[in-house]
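Enquirer:
2 protein chains.
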Amino acid sequence: MESIISQSYEVHFGDLAKAALKQHIAKSDYSKVFVLVDENTKKYCLPFFKMEILDHPVNAVFEIESGENNKNIDTCVKVWELLSNEDGDRKSLLINLGGGVLTDLGGFVASTFKRGIDFINIPTTLLSIVDASVGGKTGVDLGVLKNQIGVINQPVMVLVFTEFLKTLEPRQLVSGYAEMLKHGLISDQEYWTQLKEGEKFTDSEHIQKSIAIKNKVVLEDPTEKGLRKILNFGHTLGHAIESYCLDNPEKKTLLHGEAIAVGMILEGYLSHELKGLSKLSLEEIKTTFLHHFERVDFTDEDIESILKLLKFDKKNTHGDINFVLLHSIGEAVSDVKVPEELFEKAFAYYKE
Amino acid sequence: MESIISQSYEVHFGDLAKAALKQHIAKSDYSKVFVLVDENTKKYCLPFFKMEILDHPVNAVFEIESGENNKNIDTCVKVWELLSNEDGDRKSLLINLGGGVLTDLGGFVASTFKRGIDFINIPTTLLSIVDASVGGKTGVDLGVLKNQIGVINQPVMVLVFTEFLKTLEPRQLVSGYAEMLKHGLISDQEYWTQLKEGEKFTDSEHIQKSIAIKNKVVLEDPTEKGLRKILNFGHTLGHAIESYCLDNPEKKTLLHGEAIAVGMILEGYLSHELKGLSKLSLEEIKTTFLHHFERVDFTDEDIESILKLLKFDKKNTHGDINFVLLHSIGEAVSDVKVPEELFEKAFAYYKE
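Here is the structure:
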């Protein structure tokens, strides 16, 4: 499949990815090659990676625990110490083999170890392939606040192997599908229409299309001053919902895609109320997401707590809450202020 | 005094600094202005800063404990949490008011909070004015390993007020003097000769000369691939000595300048043995530093431990130890490999 040229790095697929990795390591004078895994990718992805992909010795494999609750500074300290103990130096390479939690954390660890060493991301979940693999955001959470600590820094390259998708449970695949649908909603009606039938969203062509959409947006606005904000559609309420459920032992923890699927219905409602998204399109969005994602129960207390969390969202400068909304399917608008009374109406619409 | 244009930022002095700060804040749309201090700068510098320099309200003052042993990730977590608790957002400004430990740590905290907010450095010690104020290095220690975690990132501006030097003890002033002497040794014989009499090294013209020398080197090589390495003269052994004394309860803790003063005598000896530095210049270097810095006692065990620490120095890629040495006073050469047997001879020369 054709490679995608991102900012200072490239996204390669399959055999081309394997060749690009080999060529890059051959021409680089790395002192050490390290691989970061979690208990899942150690078991399901590392053997294939070592046998079929990486044609080079590995100096050490570092293992962290999977899960958003481990995406924190304590885990970073452990990996920094492992890097130090293995005599990692400025010419070392870190290969991040895992989902978004691992590539976000591994990218941050590499970007800050000895003021920055090279890293390569090999996303192993659909969500991380279509979302985290492009954009250069690295970081970890601070308490319940997601991605509070991090830097913008680019990997040397991103390598996509769809073989890894076979190791995922259906629920995790569908979580990535939510981000792919988002790419259609914010910039490509035709792609949305193709995807929403949901039959073969793991096809390489769809995956590549999603990466290409995200890449185009990021290239035009690497530091998130303008256009890039549209990638946050569904995420303002979605993040708050995700954080709330993660932190509340009585609620079922939602995968990222499951939370933003709710967020996209809610923000679709706001789009209809404020930005002219048609009733028909709104219903199409709601029907599509509720077809693929089980409806989540929210009590009045849940909703109150979620709205409180909103003001901590990292994108809210000056205390205002800015939303990305849709004029129509395929056309997004950012920096929309939303009157507070609409939030509860949006949840009511979701529950209907 | 004339301002110095550094990489993407400017170094201003005195009244010009005050005006530049006022103008910058007026044109920037900061949501919040925070000031980071330690217990010393809170007492001796903050009142003057608020009354005489900053013409703008401060949203919160964050206090950390002074000292290299607090330059770690735990302190960063505290400041990140304070920033979060005070509703710091992406449009917040952090002003770092303190010595090198504080500006290194504050720069790292700002560079990584919400993937980077603006920061301004106001160095308050001679050492941080002539050394840390230019170069864009930020970071903290990991255990005994200095500056293991950090990023290269530039402050919005650096402001120098020599009034703050009056708050320093003589020992701290002399520590900064060691870095100024280094600037002469690596690139300007005339400046070295002026400075080594040691009468008025805190004069503004000398301070500005030192910053200008460092700035010139950094501008030519921001990412430390070549020329910038010469700034490490005296630091390869100096850092190891500093770390060893800090970590060993039986040794007196050395200030940074005190440690590199020893390092410059030792590396001066290596320069004489390997790179043709004349015996006369070597004696001049030794006499100068021992005139201003008390001779440190090193036992054979001390020396053995210090040499073990050397291999952990962050600049040693591929396990080799690279030194910056002098051809002559004012002319440095980097990437020199040194035979191990010379290290003990260098210490013997220092003790003579």
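Going line by line, the protein sequences match chains A and B. In terms of the numbering used here, the first sequence opens at residue 13 and continues consecutively. In terms of the numbering used here, the second sequence opens at residue 13 and continues consecutively. Don't be surprised by glycine CBs; every beta carbon is placed ideally from N, CA and C.
Would you kindly work out how many angstroms separate the C-alpha atoms of Thr-214(A) and Gly-119(A), rounded to a whole number?
Expert: Each residue's Cα considered, the two are about 25 Å apart.
Enquirer: Along the chain, where does the beta strand (DSSP E) that runs through Gln-160(B) open and close?
Expert: Segment 157-161, the beta strand (DSSP E) holding Gln-160(B).
Enquirer: Please name the residue or residues paired with Leu-207(B) in a DSSP beta bridge.
Expert: According to DSSP, which records beta bridges pairwise, Leu-207(B) is partnered with nothing at all.
Enquirer: The beta strand (DSSP E) that contains His-339(A), what's its start and end?
Expert: It spans 334-340 - the beta strand (DSSP E) in which His-339(A) sits, taken as one unbroken run.
Enquirer: Would Ile-297(A) pass as a contact of Ala-252(A) if the rule is Cβ separation under 8 Å?
Expert: Taking 8 Å as the Cβ cut-off, Ile-297(A) and Ala-252(A) do not qualify as a contacting pair.
Enquirer: Hey, Asn-108(B) and Leu-33(B) are a contact pair by Cβ (cut 8 Å); roughly how many whole angstroms apart?
Expert: At roughly 13 Å, the Cβ-Cβ gap does not stay under 8 Å, so Asn-108(B) and Leu-33(B) are not in contact.
Enquirer: Could you tell me the alpha carbon to alpha carbon distance between Gly-112(B) and Ile-134(B), rounded to whole angstroms?
Expert: Using only the alpha carbons, I get a separation of about 10 Å.
Enquirer: Whole angstroms are fine: how far does the CA of Phe-310(B) sit from the CA of Asn-260(B)?
Expert: The straight-line gap from Cα to Cα measures roughly 12 Å.
Enquirer: Is it the case that the Cβ atoms of Ser-123(B) and Ile-223(B) are separated by a distance below 8 Å?
Expert: Cβ atoms of Ser-123(B) and Ile-223(B): not closer than 8 Å.
Enquirer: Can you find a C-beta in chain A that's less than 8 Å from the C-beta of Gln-166(B)?
Expert: Not closer than 8 Å to any Cβ of chain A, the Cβ of Gln-166(B) fails to qualify, so no.
Enquirer: Looking at chain B, which residues of the region 122-142 of chain A have a Cβ within less than 9 Å of any of its Cβ atoms?
Expert: Within the region 122-142 of chain A, the residues whose Cβ lies closer than 9 Å to some Cβ of chain B are Ser-123, Thr-124, Phe-125, Lys-126, Arg-127 and Gly-128, listed in chain order.
Enquirer: Give a yes or no on contact between the region 238-250 of chain B and the region 160-175 of chain B, applying the rule of three or more CB pairs nearer than 8 Å.
Expert: Short answer: they don't touch.
Enquirer: Contact criterion: CB-CB distance below 8 Å. Does Glu-254(A) meet it with respect to chain B?
Expert: Answer no: the Cβ-Cβ gap between Glu-254(A) and chain B never drops below 8 Å.
Enquirer: Taking 8 Å as the CB-CB cut-off, is Gly-119(B) touching chain A?
Expert: Cβ-Cβ to chain A under 8 Å: no for Gly-119(B).
Enquirer: What would DSSP say about His-24(B), mapped onto helix, strand or coil?
Expert: Three-state result, His-24(B): strand.
Enquirer: Cβ of Lys-103(A) versus every heavy atom of the ligand NAD: is any distance shorter than 7 Å?
Expert: The ligand content of the structure shown is nil, which means the ligand NAD is not present either.
Enquirer: Classify Thr-87(A): buried if its beta carbon has 16 or more other beta carbons within 10 angstroms, exposed otherwise.
Expert: Label assigned to Thr-87(A): buried.
Enquirer: Quick check: is the beta carbon of Val-146(B) nearer than 8 Å to any beta carbon in chain A?
Expert: So, not an interface residue.
Enquirer: Which first and last residues belong to the alpha helix (DSSP H) in which Glu-75(A) is found?
Expert: Not the alpha helix (DSSP H): Glu-75(A) falls in the beta strand (DSSP E), residues 72-76.
Enquirer: Along the region 150-166 of chain A, where does the CB come closer than 7 Å to a CB of chain B? Name the residues.
Expert: Answer set for the region 150-166 of chain A: Gly-151, Leu-154, Leu-157, Gln-160, Ile-161, Gly-162, Val-163 and Ile-164.
Enquirer: In terms of residues, what are the limits of the alpha helix (DSSP H) holding Asp-3(A)?
Expert: Here chain A has residues from 13 to 364 only, and residue 3(A) is not among them.
Enquirer: Scan the region 71-149 of chain A and note each continuous beta strand (DSSP E) run of 3 residues or more that stays entirely inside, going in chain order.
Expert: Listed in chain order, the complete beta strand (DSSP E) runs (minimum 3 residues) inside the region 71-149 of chain A are 72-76, 104-110 and 130-135.
Enquirer: Which chain B residues sit within Cβ distance under 7 Å of Ile-85(A)?
Expert: Neighbours of Ile-85(A) on chain B, chain order: Ile-85 and Val-89.
Enquirer: Verify the CB distance criterion: does Val-47(B) have a CB-CB separation below 8 Å to chain A?
Expert: Judged by the 8 Å Cβ criterion, Val-47(B) is not in contact with chain A.
Enquirer: So, are the CB atoms of Leu-289(B) and Ser-340(B) less than 8 Å apart?
Expert: A contact, by the Cβ cut-off of 8 Å.
Enquirer: Within 8 Å of any Cβ in chain A, is that where the Cβ of Ser-96(B) sits?
Expert: At least one chain A Cβ lies under 8 Å of Ser-96(B).
Enquirer: Would you say Val-348(B) and Leu-338(B) are within 8 Å of each other, going by their C-beta atoms?
Expert: No, the pair does not count as a contact, with Cβ atoms beyond the cut-off.
Enquirer: Could you tell me whether the Cβ of Glu-80(B) comes closer than 8 Å to any Cβ of chain A?
Expert: Chain A, which has no Cβ nearer than 8 Å to the Cβ of Glu-80(B), makes this no.
Enquirer: How is the alpha helix (DSSP H) around Val-230(A) delimited, first residue to last?
Expert: Val-230(A) -> alpha helix (DSSP H) spans 216-232.
Enquirer: Give me the Cα-Cα distance between Thr-248(A) and Leu-117(A), rounded to the nearest whole angstrom.
Expert: Rounded to whole angstroms, Thr-248(A) to Leu-117(A) spans 22 Å at the Cα level.
Enquirer: Can you give me the C-alpha to C-alpha distance between Asn-81(A) and Glu-75(A), rounded to a whole angstrom?
Expert: Spanning the two alpha carbons is a distance of roughly 15 Å.
Enquirer: Using a beta-carbon distance cut-off of less than 8 Å, what residues from the region 189-217 of chain A approach chain B?
Expert: The residues in question: there are none.
Enquirer: Could you tell me which chain B residues have their CB closer than 8 Å to the CB of Glu-296(A), listed as they occur along the chain?
Expert: By Cβ distance, chain B contributes nothing, its closest Cβ being about 34 Å from Glu-296(A), past 8 Å.
Enquirer: Going by Cα to Cα distance, which pick from Asp-101(B), Asn-334(B), Glu-77(B) and Phe-60(B) is closest to Val-45(B)?
Expert: Taking only the C-alpha atoms, the option nearest Val-45(B) is Asp-101(B).
Enquirer: Can you tell which of Val-350(A), Val-308(A), Met-169(A) and Ser-346(A) has its C-alpha closest to the C-alpha of Lys-363(A)?
Expert: If we check each option's Cα against that of Lys-363(A), Val-308(A) comes out closest.
Enquirer: For Ile-16(A), which residues does DSSP report across the bridge?
Expert: Ile-16(A) is bridged to Val-23(A).
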